[in-house]
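One structure below.
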Amino acid sequence: MSGGDSEPKESTLSCARCSNPAHLQCPKCVELKLPREGAAFCSQDCFKASWSSHKSVHLKANAATGGKNDEGWLYCLRKGQTRTSKLPHFDWTGSLRPYPISSKRDVPSHIELPDWAMNGVPKIEPESSLQHVVEIKSPEQIARMRETCKIARQVLDAAARIIQPGITTDEIDRVVHDATIAAGGYPSPLNYHFFPKSCCTSVNEVICHGIPDARVLEDGDIVNVDVTVYYKGVHGDLNETYFVGNVDEASRKLVQCTYECLEKAISIVKPGVRFREVGEVINRHASTSGFSVVKSYCGHGIGELFHCAPNIPHYARNKAVGVMKAGQTFTIEPMINAGVWRDRMWPDGWTAVTADGKRSAQFEHTLLVTETGVEVLTGRLPTSPDVFPWLKA
Ligand SMILES: [Zn+2]
Ligand SMILES: [Zn+2]
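For the sequence shown, the working numbering assigns the number 27 to the initial residue and increments by one for each residue that follows.
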């Protein structure tokens, strides 16, 4: 028996939209050699109706290949592929490089899955009216958000406890994955738009969406761990940037300033405040310290959907519309750079790095607007590890 192709037979495919037996394949996906699950449709009608969300799959494929079909770099998109030792041509902005990615971790069958878990394509999220309207959560939804966010906090804390020189970011991913499953949750990033791992780990010049891999953390690195948990039908999302061993003074200032940017932004949250004010507060504090604010990635609404309205930029003079209302839940997650604000994308289609290769830090919380102010749903717990020197005083 010959090995290799383990993809299902065509007769077993079901429509990516309605789950009926599917006999049509998206021609673009065939051309890009993308997985057949998620690219199959029962009818032209279902194919057309899915197009606005489905086409993002092709963009990701193009980004991952840099427009060319470079075998080793389809790892986000092709089942069973890992990042190979062959690096694509790219003018790397700093000294960090990609390393091999371990195979996809298993999720036991009793865990409730978001709709992208099986084939990599979120279906409800892009079509939802909650991309345009900011939902006011019911007390029942808020109770579930509180539970899920507390689990997400405990999962991130478990990751924080193992960070030291000599461990790999893949080991961080294993801890995040196992702790999430042990709590009965699903690690939301896993297979979201084909993201291959259960959390994001962003080292040094990586701004966000770094993929956990076999690189060993070195003394003096900084590493952001971004965790999202799906539990009881809702998502909870937070991240923190940690020191690996002894970190230079400039990096310590950057990380502390980023922490303060998030704290200051949270302090203005209450009903009636404009979403665009968040960016003013963050920019004021970052630029006072000589740092810059990333513009390409924003805070987001969250709940039954991983990403929805409102969109919350972290930079000054942004055009965000609307005011905060009690019952809304969203994230604030400033990314602050030591050098220029501009970002670049690695050929993997995920890893966002600073254009000048200098370091970047980030902190994130999921927040609830209350009648009088704000509740930090992912706030630190009495059990959270003491990893930030500025909190010890
Ligand atoms: Zn996050
Ligand atoms: Zn987020």
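The beta-carbon is built from N, C-alpha and C at its ideal position, and this holds for glycine as well.
A quick note: this is a predicted structure, and the numbers were derived from the prediction, not measured.
Let me have the residue list for ligand 2: C-beta closer than 5 Å to any non-hydrogen atom, ordered along the chain.
D263 and T357
Beta-carbon contacts of L50 that lie in its chain and below 8 Å, excluding the five residues immediately before and after
A66, F67, C68, S69, Q70 and F73
Any heavy atom of ligand 1 inside 7 Å of the beta-carbon of D252?
yes
Tell me which residues share the same chain as T409 and place their Cβ nearer than 8 Å to its Cβ, disregarding the 5 neighbours each side in the sequence.
Q180 and D183
From M144 to L216, what does the alpha carbon distance come to, in whole angstroms?
10 Å
Give me the residue from K321, A48 and V400 with the minimum Cα distance to K296.
V400
Measuring CA to CA, which of G246, T380 and V229 is closest to P238?
V229
Between the alpha carbons of G383 and R368, how many angstroms are there, rounded?
10 Å
Quick test of your reading: E151 and H333, contact by CB under 8 Å. State the CB separation rounded to the nearest angstrom.
7 Å
Which same chain residues end up closer than 7 Å to T404 when comparing Cβ atoms and leaving out the 5 residues on each side of it in sequence?
C175, A178, R179, G262, L264, H391 and T392
Taking only the alpha-carbon atoms, compute the straight-line gap between R131 and T314 and give it to the nearest angstrom.
43 Å
Proximity below 8 Å, CB of F414 to CB of L288:
no
Is DSSP giving V413 helix, strand or coil here?
coil
Between the Cα of F220 and the Cα atoms of M350, G305 and E63, which residue gives the shortest distance?
E63
Consult DSSP for C72 and reduce its assignment to one of helix, strand or coil.
helix
Where DSSP assigns a beta bridge to P213, which residues make up the other side?
V255
For R370, report the span of its beta strand (DSSP E) as first-last.
D369 to M371
Within a Cβ cutoff of 6 Å, which residues of the same chain sit near F116, ignoring the five residues on either side of it in sequence?
P373
Using only the alpha-carbon positions, how far apart do V160 and D204 sit?
If you take the alpha carbons of V160 and D204, they lie about 33 Å apart.
Does the region 301–320 come into contact with the region 347–365, if we say contact requires no fewer than three beta-carbon pairs (one atom in each stretch) closer than 8 Å?
yes
Considering only the alpha carbon of each residue, which of P222, G305 and V147 lies closest to C41?
V147
Residues of its chain near R406, where Cβ-Cβ distance is below 6 Å and the 5 sequence neighbours each way are ignored:
none
L417: buried (16+ other C-beta within 10 angstroms of its C-beta) or exposed?
exposed
Run the proximity test for E359: is its beta-carbon closer than 7 Å to any non-hydrogen atom belonging to ligand 1?
True, at least one ligand heavy atom lies under 7 Å from that Cβ.
Reduced DSSP category for N344 - H, G, I as helix; E, B as strand; rest coil:
Coil.
Environment of F356 [buried if 16+ CB atoms lie within 10 Å]
buried
Residues sharing a beta bridge with G316, DSSP
Note: G316 sits in no beta bridge, so no partner.
Where the alpha helix (DSSP H) containing M350 begins and where it ends
It is not in any alpha helix (DSSP H) - M350 carries neither H nor E in the DSSP assignment.
Could you tell me whether any Cβ in chain C is nearer than 8 Å to the Cβ of V160?
This model lacks chain C altogether; it includes just one protein chain.
Between the CA atoms of L39 and C55 - distance to the nearest angstrom:
15 Å
Determine the extent of the beta strand (DSSP E) in which P336 is found, giving its start and end residues.
Element bounds for P336: C334 to I338.
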